[in-house]
Structures are given as C-alpha cells and as structure tokens.
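Report on the structure given below.
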Amino acid sequence: RYYTVREGDMLSTIVRTQNLPIGWMTLQELNGLPNERIYVGQKLFIPDTSSSASAQYTDIAPIQFIKPAPGAITSSFDQESSGVRIRTSGGEPIRASADGEVADTGFEADGQARYVILSHEGGYRTSYHNLGSVEVSGGGSVAQGESLGLSLEPYLFFSIEQLGIPLDPEQFF
Numbered sequence: 004r005y006y007t008v009r010e011g012d013m014l015s016t017i018v019r020t021q022n023l024p025i026g027w028m029t030l031q032e033l034n035g036l037p038n039e040r041i042y043v044g045q046k047l048f049i050p051d052t053s054s055s056a057s058a059q060y061t062d063i064a065p066i067q068f069i070k071p072a073p074g075a076i077t078s079s080f081d082q083e084s085s086g087v088r089i090r091t092s093g094g095e096p097i098r099a100s101a102d103g104e105v106a107d108t109g110f111e112a113d114g115q116a117r118y119v120i121l122s123h124e125g126g127y128r129t130s131y132h133n134l135g136s137v138e139v140s141g142g143g144s145v146a147q148g149e150s151l152g153l154s155l156e157p158y159l160f161f162s163i164e165q166l167g168i169p170l171d172p173e174q175f176f
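Just so you know, the sequence shown maps onto residues 4 to 176 in my numbering.
So, in structure tokens, the structure goes:
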C-alpha cells in the first residue's frame with residue numbers, strides 16, 4: 004500500500020500514525036530516500052504488516068517473545084536507538100526473550116558493560132546490552148527464559164530485528 008504525504012508530515016509521524024512496527028529510518032530506506040526530507044503529495048511505500056503479503060517484514064515465523072527483565076520500560080523504541088530501555092537493578096538476571104542460538108557476546112565500547120546477541124528462527128535477532136556479566140558463549144543454544152547474564156544498573160537496552168529491520172519490542176510482549 005502507499006501513503007500520500009500531507010502538510011506537516013514527517014517520517015516519524017507517519018510511522019506512528021500508521022502504527023508501523025518499524026522506525027522512520029527503515030521507512031526512509033524502504034522508499035530509497037537519500038535523507039528524511041519528504042514533500043506534500045509524495046507517495047511512500049508502507050509495508051502492509053497486517054497481511055500474509057508482508058511476511059518478509061513481520062511474520063516469517065511467528066515467535067512469542069517475552070520481556071527479558073521485569074522492570075518498567077523507561078525509553079520507548081525509536082529509530083535512533085532501535086530498541087527499548089528496561090529499568091533494572093544491578094545483578095538482576097536477564098532472560099532470553101525466545102529460544103535461539105548465541106550469535107555473539109562481547110564488551111561494549113566502554114570496555115565495562117557486556118552484550119549478548121541471539122539469532123532466532125524466521126530471521127529474528129535479539130540484542131541485550133548493558134550487562135554486568137555474561138553466562139552464555141557464542142554458538143550455544145538457549146531456551147526462552149534462560150539467564151543470559153546479570154544486569155548493570157540502571158537499565159537493559161533490548162532490541163529485536165527481523166532480516167535486518169529494527170522492530171518495536173513492545174509490540175511483541
């Protein structure tokens with residue numbers, strides 16, 4: 004389907020008003036736009052995430068994700084960060100959101116915090132950042148709910164993507 008740009012529209016508002024599980028930069032990329040500038044009357048491709056025709060975006064293999072930590076979401080999904088922040092206290096177990104395989108683990112750029120990236124069926128990947136310790140290693144399998152490591156304060160950064168397209172984690176749990 005296509006959306007015709009109206010006065011005052013921005014890619015971010017179109018994503019929000021059309022209730023898309025993607026961010027504005029992904030919408031920009033899907034439409035081959037060199038930057039975020041759009042103009043009144045321009046037609047934008049909007050992936051139809053409610054039909055089987057949109058399987059490449061959302062429904063290749065439906066997976067039931069769980070929230071990896073029990074805390075409140077303190078920062079919602081936007082394309083700048085491509086994920087959510089979940090409040091945690093130090094030493095809290097961070098759980099695998101779905102069954103998968105450990106694709107990568109390592110240290111964040113600050114050299115202190117750790118991260119885990121899992122691969123799942125259907126082209127999904129989940130990322131868990133700002134961990135104090137990691138209990139899994141690359142190539143290993145994990146079950147949904149299994150502890151991946153322990154959190155650092157004050158938050159866990161968590162993201163979901165499918166086929167390289169960032170998705171809003173809150174739409175999955």
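C-beta atoms are modelled at their ideal positions from N, C-alpha and C, and glycine is treated no differently. Since the structure is predicted, the reported quantities are computational estimates derived from the model, not experimental observations.
Asked                                                                                                                : Found
Stretch pair the stretch 66-75 + the stretch 95-104: three plus CB contacts closer than 8 Å                          : yes
Residues of its chain near N34, where Cβ-Cβ distance is below 6 Å and the 5 sequence neighbours each way are ignored : L47, F48
Inter-residue CB distance, P172 and I25 (contact presumed, cutoff 8 Å)                                               : The pair is not a contact, with the Cβ atoms about 12 Å apart (cut-off 8 Å).
Residues near A106 by beta carbon distance below 8 Å, same chain, minus five either side                             : I120, L121, S122, R128, G141
F161 and S130 closer than 8 Å at C-beta                                                                              : yes
Cα-Cα separation, G86 to A146                                                                                        : 22 Å
Separation of D51 from M13, as counted between CA atoms                                                              : 19 Å
Residue range of the unbroken alpha helix (DSSP H) whose run includes I17                                            : 14-20
Residues that V105 bridges to, as DSSP identifies them                                                               : L121
Enclosing alpha helix (DSSP H) for Q31 [first to last residue]                                                       : 27-33
Secondary structure of E95, DSSP reduced to three states                                                             : coil
Option in T20, E39, G94, N22 with minimal Cα separation from M28                                                     : E39
Backbone secondary structure at G152 - three-state DSSP                                                              : strand
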